[in-house]
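For what it's worth, the working numbering labels the leading residue of the sequence shown as 115, then goes sequentially. Here a beta-carbon is modelled for each residue, glycine too, at the ideal position from N, C-alpha and C. Read the structure below first, then the notes.
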Amino acid sequence: MANIRLEKVRKVFAPGETVKLPGSGPAHSDRAAAPNVALDGVNLLVRDGETMVVLGPSGCGKSTLLRVVAGLTRYDGHVYFDRRLMDQVNPSQRNIGMVFQNYALYPNLIGYDNLGFTCRVRGRPHQEERERILATSEIMGIGFDKLLKHKPGRLAGGEQQRLAVGRALVRDPDVFLFDEPLSNLDAKLRVRTRSEIRRLLERFGHTAIYVTHDQVEALALGDRLAIMNEGQVEQVGTYALLYDKPVNAFVASFLGSPAMNLLRGKLNGRGSWELGDLEIPVPEIVRSRLRAGWKLILGIRPEHARLARDDLPAFEGRVVHIERDLPRRVQTLYVECPPLPDVAITIPAGERILPGDRVPVTLPLDRLVFFEGKSELRMG
Ligand code: ADP
Ligand code: MG
115 MANIRLEKVR KVFAPGETVK LPGSGPAHSD RAAAPNVALD GVNLLVRDGE
165 TMVVLGPSGC GKSTLLRVVA GLTRYDGHVY FDRRLMDQVN PSQRNIGMVF
215 QNYALYPNLI GYDNLGFTCR VRGRPHQEER ERILATSEIM GIGFDKLLKH
265 KPGRLAGGEQ QRLAVGRALV RDPDVFLFDE PLSNLDAKLR VRTRSEIRRL
315 LERFGHTAIY VTHDQVEALA LGDRLAIMNE GQVEQVGTYA LLYDKPVNAF
365 VASFLGSPAM NLLRGKLNGR GSWELGDLEI PVPEIVRSRL RAGWKLILGI
415 RPEHARLARD DLPAFEGRVV HIERDLPRRV QTLYVECPPL PDVAITIPAG
465 ERILPGDRVP VTLPLDRLVF FEGKSELRMG
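So this is what it looks like as structure tokens:
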């Protein structure tokens with residue numbers, strides 16, 4: 115096992131550059147005009163034995179980051195496994211197990227041979243190969259041995275993906291890389307395969323980087339999360355830390371479902387945040403760092419807003435849409451009150467409210483989060 119360290123990693127795709135890699139999805143050949151900065155000075159430490167989930171919207175550079183770690187693409191900056199500088203080490207020497215979104219199995223080999231293929235390529239003795247495959251099969255659990263008898267085309271998506279995970283395990287990699295491995299699976303299989311991957315990683319203590327755009331997956335699998343946006347890592351930490359102490363508005367609104375409400379207003383001459391008729395007092399620690407007239411973003415999570423009229427800052431609005439989440443016994447109301455954007459409020463499912471109703475909304479002061487309007491960095 116090893117820790118993985120990225121230092122100032124930068125990857126720019128030249129205009130028109132295309133690299134088609136197995137399992138990496140469609141080539142981006144249509145982006146001809148400007149150079150494309152896929153990674154923009156990424157620093158990241160993945161600790162030995164840890165699963166780091168890299169979470170971010172589509173196109174933010176997640177797959178490129180994995181390819182850099184795997185040595186499948188050129189880059190500026192440095193990658194270390196423990197103290198070893200990997201920049202000049204070619205992919206086959208990095209001892210990496212990789213699982214992609216679209217399986218990348220060998221279609222004309224049965225499962226068993228798919229698993230053994232990498233061993234054979236790397237010249238392991240036959241007996242050792244057999245033993246590792248059997249051990250892997252045992253780890254992968256019930257029914258896995260059945261998968262070994264068929265060609266991938268005869269297996270369902272989830273089964274193919276189990277096979278792909280098994281294949282990566284057979285290599286006994288120092289580092290495991292997953293690129294959205296569950297996104298082609300239906301909901302039920304996704305949950306099952308997710309927990310299987312989690313158990314495998316826990317049992318073997320592999321150092322892993324797991325890329326996804328799905329925060330439920332991130333929460334289930336990651337020891338820590340790195341939130342990426344536009345080629346940069348915005349913040350690294352446990353889910354709880356990122357949720358409670360987001361460094362900026364992007365992280366704040368990316369985690370949590372529905373997303374945090376971000377109300378873009380300004381600081382007025384009375385030291386309050388203001389937008390339209392709504393005025394909310396701003397804590398001294400925030401106020402003291404701004405001048406009147408400066409842009410200021412007020413954040414409030416849907417689950418922290420309340421339906422009540424009391425002394426707290428409140429406004430009245432019209433419910434335009436309701437989303438019920440019955441398993442969690444909650445419903446989210448979207449409340450319209452121009453010029454505010456529609457404000458999401460999550461309340462118990464039992465409260466009877468209909469679209470079109472007018473409701474009073476309270477924003478508890480101790481739940482408000484403020485972000486500086488330009489940099490969008492959290493204040494206080
Ligand atoms: P993600 O995996 O987060 O969706 P990617 O790493 O695939 O993001 O892509 C990051 C950026 O780099 C995107 O703007 C994408 O278009 C660009 N990019 C990725 N691969 C290539 C490539 N082979 N050629 C040109 N641009 C690419
Ligand atoms: Mg990707």
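Between residue 308 and residue 331, what straight-line distance do the alpha-carbon atoms span, to the nearest angstrom?
Taking the sequence shown and counting its residues from 1, the one referred to as residue 308 is at position 194. Taking the sequence shown and counting its residues from 1, the one referred to as residue 331 is at position 217. Whole-angstrom Cα-Cα distance: 7 Å.
Indicate, with yes or no, if ligand 1 has a heavy atom lying under 8 Å from the CB of residue 345.
The count along the sequence shown starts at 1 and reaches residue 345 at position 231. Yes, the Cβ of residue 345 comes within 8 Å of a heavy atom of ligand 1.
Following the continuous alpha helix (DSSP H) through residue 240, name the residue where it begins and the one where it ends.
Translated into positions along the sequence shown, residue 240 becomes position 126. Counting along the chain, the alpha helix (DSSP H) containing residue 240 begins and ends at 240-254.
Since residue 381 sits in a beta bridge, which residues does DSSP pair it with?
In the sequence shown, counting from the first residue as 1, residue 381 sits at position 267. Its beta-bridge partners are 387.
I want to check one thing, is the minimum distance from the CB of residue 293 to the heavy atoms of ligand 2 below 8 Å?
Indexing the sequence shown from 1 puts residue 293 at position 179. Correct: residue 293 has its Cβ closer than 8 Å to ligand 2.
For residue 127, is the beta carbon positioned less than 8 Å from some heavy atom of ligand 1?
The count along the sequence shown starts at 1 and reaches residue 127 at position 13. Correct: residue 127 has its Cβ closer than 8 Å to ligand 1.
Could you work out which residue in 345, 492 and 128 is closest to residue 148 when comparing CA atoms only?
For the purposes of this step, residue 148 is taken as the residue at position 34 of the sequence shown. That would be 128, whose Cα lies nearest to the Cα of residue 148.
Would you call the CB atoms of residue 123 and residue 169 closer than 9 Å?
Walking along the sequence shown from the start, residue 123 turns up at place 9. Walking along the sequence shown from the start, residue 169 turns up at place 55. Not a contact, by the Cβ cut-off of 9 Å.
Can you find at least 3 beta carbon pairs, one from the stretch 362-381 and one from the stretch 178-191, that sit closer than 8 Å?
Contact fails: fewer than three Cβ-Cβ distances are below 8 Å.
Would you please state the rounded distance, in angstroms, between the beta carbons of residue 323 and residue 166? I believe it to be under 8 Å.
For the purposes of this step, residue 323 is taken as residue 209 along the sequence shown, with counting starting at 1. For the purposes of this step, residue 166 is taken as residue 52 along the sequence shown, with counting starting at 1. Contact holds; Cβ gap of about 5 Å.
Quick check on residue 277: does DSSP put it in helix, strand or coil?
Residue numbering aside, residue 277 sits at position 163 when the sequence shown is read from its first letter. Helix.
With distances taken from CA atoms, which of 194, 347, 351 and 329 is nearest residue 338?
Numbered from its first residue, the sequence shown carries residue 338 at position 224. If we check each option's Cα against that of residue 338, 351 comes out closest.
Is the stretch 201-212 in contact with the stretch 357-373, if contact means three or more CB pairs nearer than 8 Å?
Cβ pair count under 8 Å is below three, so no.
Using 8 Å as the cut-off, classify the Cβ of residue 120 as near or not near the heavy atoms of ligand 1, replying yes or no.
Position 6 of the sequence shown, counting from 1, holds the residue named residue 120. No, the beta carbon of residue 120 sits no closer than 8 Å to any heavy atom of ligand 1.
Just to confirm before moving on: does the CB-CB distance between residue 427 and residue 479 stay below 9 Å?
Within the sequence shown, residue 427 is the residue found at index 313, counting from 1. Within the sequence shown, residue 479 is the residue found at index 365, counting from 1. Yes, the pair counts as a contact, with Cβ atoms nearer than the cut-off.
Among the candidates 161, 220, 365 and 281, whose CA atom is the shortest distance from the CA of residue 492?
As a first step, residue 492 must be located in the sequence shown, where it is residue number 378. Nearest option by C-alpha distance: 365.
Any contact of the stretch 441-450 with the stretch 393-411, i.e. 3+ C-beta pairs under 8 Å?
The stretch 441-450, when compared against the stretch 393-411, does not touch it at the 8 Å Cβ threshold.
In whole angstroms, give me the CA-to-CA distance for residue 486 and residue 159.
Stepping through the sequence shown from its first residue, residue 486 is reached at position 372. Stepping through the sequence shown from its first residue, residue 159 is reached at position 45. If you take the alpha carbons of residue 486 and residue 159, they lie about 28 Å apart.
Answer with buried or exposed for residue 515, where buried requires no fewer than 16 other C-beta atoms within 10 angstroms of its C-beta.
Here the chain has residues from 115 to 494 only, and residue 515 is not among them.
Counting Cβ pairs closer than 8 Å, one from the stretch 251-265 and one from the stretch 216-228, do we hit at least three?
Result yes; three or more Cβ-Cβ pairs closer than 8 Å.
Residue 343: buried (16+ other C-beta within 10 angstroms of its C-beta) or exposed?
Looking up residue 343 in the sequence shown gives position 229. The residue is buried, with at least 16 neighbouring Cβ atoms inside 10 Å.
Count the other C-beta atoms from every protein chain shown that fall within 10 angstroms of the C-beta of residue 439, then say buried if there are 16 or more, exposed otherwise.
Counting from 1 along the sequence shown, the entry for residue 439 is found at position 325. With fewer than 16 other Cβ atoms within 10 Å, it is exposed.
Quick one: Cα of residue 321 to Cα of residue 164, how far?
Reading the sequence shown from its first residue, position 207 is the one you call residue 321. Reading the sequence shown from its first residue, position 50 is the one you call residue 164. Taking the straight line joining both Cα atoms gives about 5 Å.
For residue 436, name the three-state secondary structure that DSSP assigns.
As a position in the sequence shown, residue 436 is number 322, starting the count at 1. Looking at residue 436 - three-state DSSP - the assignment turns out to be strand.
Counting only the same chain and skipping the five closest in sequence on each side, list residues whose C-beta sits under 8 Å from that of residue 222.
Along the sequence shown, one-based indexing puts residue 222 at 108. If we look at residue 222 and ignore the five residues flanking it on each side, its Cβ neighbours are 265.
When you compare only the Cα positions, how much space is there between residue 298 and residue 387?
By 1-based counting over the sequence shown, the position of residue 298 is 184. By 1-based counting over the sequence shown, the position of residue 387 is 273. Cα-Cα distance, rounded: 44 Å.
Starting from residue 316 and walking both ways along the alpha helix (DSSP H), at which residues does that stretch end?
Walking along the sequence shown from the start, residue 316 turns up at place 202. Element bounds for residue 316: 301-318.
If you draw a straight line from the C-alpha of residue 112 to the C-alpha of residue 178, how long is it?
With the chain covering 115 to 494 only, the question about residue 112 has no answer from this structure.
According to DSSP, is residue 181 part of a helix, a strand, or is it coil?
Translated into positions along the sequence shown, residue 181 becomes position 67. Helix, per DSSP.
Among 161, 126 and 150, which has the Cα closest to the Cα of residue 120?
In the sequence shown, residue 120 corresponds to position 6, counting from 1. Checking every option, the nearest Cα to that of residue 120 belongs to 161.
Grab the span of the alpha helix (DSSP H) containing residue 393 for me, first residue to last.
Taking the sequence shown and counting its residues from 1, one reaches residue 393 at position 279. Where residue 393 is concerned, there is no enclosing alpha helix (DSSP H), although the beta strand (DSSP E) it sits in stretches over 392-395.
Quick one, are the C-beta atoms of residue 394 and residue 477 less than 9 Å apart?
Taking the sequence shown and counting its residues from 1, the one referred to as residue 394 is at position 280. Taking the sequence shown and counting its residues from 1, the one referred to as residue 477 is at position 363. Yes, they are a contact pair.
Should residue 177 be listed as close to ligand 1, given that the test is whether its C-beta is under 8 Å from any heavy atom?
One-based indexing of the sequence shown puts residue 177 at position 63. Yes - ligand 1 has a heavy atom lying nearer than 8 Å to the Cβ of residue 177.
Can you name, in chain order, every residue of its own chain whose Cβ lies under 6 Å from the Cβ of residue 151, other than the five neighbours on each side?
Mapped onto the sequence shown, residue 151 falls at position 37. Taken in chain order, the residues that qualify are 126 and 345.
Can you pull the DSSP bridge partners for residue 167?
As a working mapping, residue 167 is identified with position 53 in the sequence shown. 324 and 339, per the DSSP bridge assignment.
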